[in-house]
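Residues in the sequence shown are numbered consecutively from 1, following full-length UniProt numbering.
To keep things clear, I will list the structure first and then write my remarks on it.
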Amino acid sequence: MPPPSPPKMSPYGASAKSKKRKLVRNEVALTPLIAELEEKKTLLPYLEKIEYINAQLRYEAYILHHGSLISALMLAIRSRGIDIAVPLLKPSSVTAVPPPSQERNQPHDDDLVESGDVLRLESLSSRSETDLNATSTAMSPPPSTTSTGATSMTPLTTAVLHQRYPRFSASIGTSMLCRSRPIASLLRLVDEIYDGYYAHYTETTRATSFPLFVRTHLQRTLGLMALADQESLDLLYNLEMHRETFPHLGVFASFMRELEDEEGALFYAHCRSVVQSTFGLSLKTKEKLLPQDFARQYHVAGAIVVADHPRLRDGTQSVHLSQTACSLLVLRAAKVPKWLANHVASVMLAPYTSAVTVDGAGRSLDQTIVGLDDVLARLLRIFRAVPEDIVLKYKYNDDGESLTLLTRLQDTIHHDLDKAKLKAALDQHVRNVRSLQIEVMKLDRVNVPEVHTKLFLLKNQLRTAERDVQHLTDQLRATDGQINAVWSSVLRDASNAPTTQLSPLDNILARVGEYVAACHRDVVIEAKLNKVLHAKRRHPSETSWASQLDALQERCVIKIQRLYRQRRAWHRERKAALADVEARRQLKHKRKAEKELERKRLDALRDRDAQRHMTRMKEKHRRDGDVQAKLKQQEDAVLRKAAVAESDRRYVRTLIIVLVSV
1 MPPPSPPKMS PYGASAKSKK RKLVRNEVAL TPLIAELEEK KTLLPYLEKI EYINAQLRYE
61 AYILHHGSLI SALMLAIRSR GIDIAVPLLK PSSVTAVPPP SQERNQPHDD DLVESGDVLR
121 LESLSSRSET DLNATSTAMS PPPSTTSTGA TSMTPLTTAV LHQRYPRFSA SIGTSMLCRS
181 RPIASLLRLV DEIYDGYYAH YTETTRATSF PLFVRTHLQR TLGLMALADQ ESLDLLYNLE
241 MHRETFPHLG VFASFMRELE DEEGALFYAH CRSVVQSTFG LSLKTKEKLL PQDFARQYHV
301 AGAIVVADHP RLRDGTQSVH LSQTACSLLV LRAAKVPKWL ANHVASVMLA PYTSAVTVDG
361 AGRSLDQTIV GLDDVLARLL RIFRAVPEDI VLKYKYNDDG ESLTLLTRLQ DTIHHDLDKA
421 KLKAALDQHV RNVRSLQIEV MKLDRVNVPE VHTKLFLLKN QLRTAERDVQ HLTDQLRATD
481 GQINAVWSSV LRDASNAPTT QLSPLDNILA RVGEYVAACH RDVVIEAKLN KVLHAKRRHP
541 SETSWASQLD ALQERCVIKI QRLYRQRRAW HRERKAALAD VEARRQLKHK RKAEKELERK
601 RLDALRDRDA QRHMTRMKEK HRRDGDVQAK LKQQEDAVLR KAAVAESDRR YVRTLIIVLV
661 SV
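Rendered as structure tokens:
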């Protein structure tokens, strides 16, 4: 039996069926990643609690002496089925803690750094994660300034990368070696991923998981699964190598590890896109400025400053923004009023660095600037700081009255119990009233002097019982009114609920806008309080009761004068308003009378014209009648003449015939 012949390959590449099988395999490979991402969403509330406990213990300095307590706490949490992905990797050798001037690396949140008795644990919370650019505290070393980014305590192996990026690494099917890539290609890939993520949102209007999008983006751009796996592993390795040297890579790593959820990634990508579209930038290129873009010419000189990158020597530029440019960025990105954008730029995005720049004409400018990466990181920090009540209000349509509403609905249950008791008491009193009415009717029928006193007492008892019945009826009606009012308000609030749902990005921007407005109100109130306290400190002698009484009298006099002037001004305004109303009324009557006269004049003109027209028509009809009568007479004369001629002709012919016959 001959061996089966191999299948014939199409000259145009793989068939449609093989492509379909490949797509099915890819979907099957991504299914575990999607399931794990959904599972992580359910674990976020527990991670918040774990981070809160860690922060409190670090603040009280209990970690220094109670490391075993933290280990027991983590073990108890894991025993409940909650995996927080914090591997305890003890280094082989313990090194001394270097001074701040020496080269030191900021520890990752999944490393256990042993220095003396210090045990350091970081959580994977998406809202309370320690910022990579934040200043160091007493319990955390300062960030490195001269380090190459590699962690000297723990070697970067594939297992370590899988532990630090568990969700993203789950989609890497094959085990490969990590390769170091040039930093320029890594930065360009990160910028392309940000641009692609925002473009994907603008197409779908749906905030997808950032690691899932990165994996899909690499697989779509490279085509082969093996190339995508290798590129994903290289991306993680190079991120860990350089994320401390380049802080914005640390932000990207937090998105990849899902320390920041998809909303934070979407807000960050949106701000990057607004910067590029507003100032004519292309952040994925080395030059950063687009060669032919007219968006920059509408801004003031020095709004954006481009300088050589402090760490790269391949021609890569770094972008800096002035305070005016930051205000414009917040105005267009967060869609807040201009005064609020100025507040954010001057207070919440501070501090700025003083620098001497050169504009396009060669003139030097003294201004304050800040790096673009710092601006984006501070905007992301503002998004992190949005309070929980604002998040619940916009994300889950909770206006903060849910507890009050539940309390009011719970009160309706007690009202139902009171209503049942009132009904039972009302029935009993109604029966008593009916019994008394029967007794009174019986005594009325007897009508003897001996029962008059008893009848009088019974009537008094009857009136008292009727008052009790009326009182119980009013109470029952009031209880029903309270229950109906509660349910009416609940149904009215439900009917008045907004039917239009905001898009994910609009929801995020609404939250940020309300939070920024609340911060501005707090700043204004604090400024007013400081002004009052400063005035009190400036006049310390005015604390005696006599000076306070004089000040009180002065304030009272000022208030009385102001009220008197306000009332007098109100009377003047009222009098002027009444005069204005009367003038308008008279003007209205005058215009109405003029319109009536004009209408009568036009009616008279129309009547006159109609009369003239009728006269002309009658004259025309008369003339036409005369002409018709004259024509009729002429026709009758012609007809009579013709008839006479015809009769004469017939008479002559008849006479001739008679004569001939004779």
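Glycine included, every Cβ here is placed at the ideal spot set by N, Cα and C.
| query | result |
| --- | --- |
| Give me the Cα-Cα distance between R572 and V581, rounded to the nearest whole angstrom. | 14 Å |
| Is the CB-CB distance between L380 and F279 below 8 Å? | no |
| Using CA coordinates, which residue listed in A579, L161, V430 and I304 is at the minimum distance from V319? | I304 |
| Rounded C-beta distance between I183 and L312? I'm assuming under 8 Å. | 7 Å |
| My guess is that H429 and T479 are in contact by the Cβ rule of under 8 Å, so how many angstroms apart are they, rounded? | H429 to T479, Cβ: 16 Å. No contact. |
| Could you give the residue range of the alpha helix (DSSP H) that holds L239? | M225 to H242 |
| According to DSSP, is H534 helix, strand or coil? | helix |
| Find out if the Cβ-Cβ distance for the pair F252, V160 is shorter than 8 Å. | no |
| By DSSP's criteria, A307 is part of a beta bridge. Which residues make up the other side? | S318 |
| When the distance is taken between beta carbons, is L376 closer than 8 Å to R272? | yes |
| Please check if any C-beta of chain B sits within less than 8 Å of the C-beta of A341. | In the displayed structure, chain B is absent; only one protein chain is listed. |
| In whole angstroms, what separates the C-alpha of L239 from that of L218? | 16 Å |
| Could you tell me whether the segment 273 to 292 touches the segment 242 to 252, using the rule of 3 or more Cβ pairs below 8 Å? | no |
| Tell me the DSSP secondary structure of A385 in three-state form. | coil |
| Who pairs with T357 in a beta bridge, going by DSSP? | L365 |
| When you compare only the Cα positions, how much space is there between L224 and R511? | 41 Å |
| If you compare alpha carbons, which of N397, L321, Q586 and E388 is closest to D373? | L321 |
| Distance check for R378 and V370, CA to CA, integer angstroms please. | 11 Å |
| Put V660 into one of helix, strand or coil per three-state DSSP. | helix |
| Can S171 and R215 be called in contact, C-beta distance under 8 Å? | yes |
| My assumption, with CB atoms under 8 Å, is that L426 sits in contact with L392. Please give the rounded CB distance. | L426 to L392, Cβ: 44 Å. No contact. |
| Whole angstroms is fine: what's the gap from L505's alpha carbon to A350's? | 25 Å |
| Quick check: Q317 and V306, are their CB atoms within less than 8 Å of each other? | yes |
| Between L605 and R612, what straight-line distance do the alpha-carbon atoms span, to the nearest angstrom? | 10 Å |
| By Cβ distance below 7 Å, which residues in the same chain neighbour E439 in space, the five residues on each side in sequence not counted? | L458 |
| Provide the residue span of the alpha helix (DSSP H) that contains D195, from first to last. | I183 to T204 |
| So is V658 buried or exposed if we call it buried at 16+ other beta carbons inside 10 Å? | exposed |
| Do you know whose CA, among R584, Q482, L235 and G513, lies nearest R408's CA? | Q482 |
| Quick one: grab the DSSP three-state call for V557. | helix |
| Looking only at C-alpha atoms, which of V532, A465 and V451 sits nearest to N432? | A465 |
| Do T357 and L365 have their C-beta atoms within less than 8 Å of each other? | yes |
| What did DSSP end up calling G264 once you bin it into helix, strand or coil? | helix |
| To which residues of the same chain is Q553 closer than 6 Å at the C-beta, ignoring the five residues directly before and after it? | none |
| So, helix, strand or coil for G625, using DSSP? | helix |
| Take the Cβ of E315 as the centre, count every other Cβ of all protein chains shown within 10 Å, and call the residue buried at 16 or more, exposed below. | Position check: residue 315 holds Gly in this sequence, whereas Glu was assumed. So G315 ends up on the exposed side. |
| If you compare alpha carbons, which of F383, Q501 and E596 is closest to G264? | F383 |
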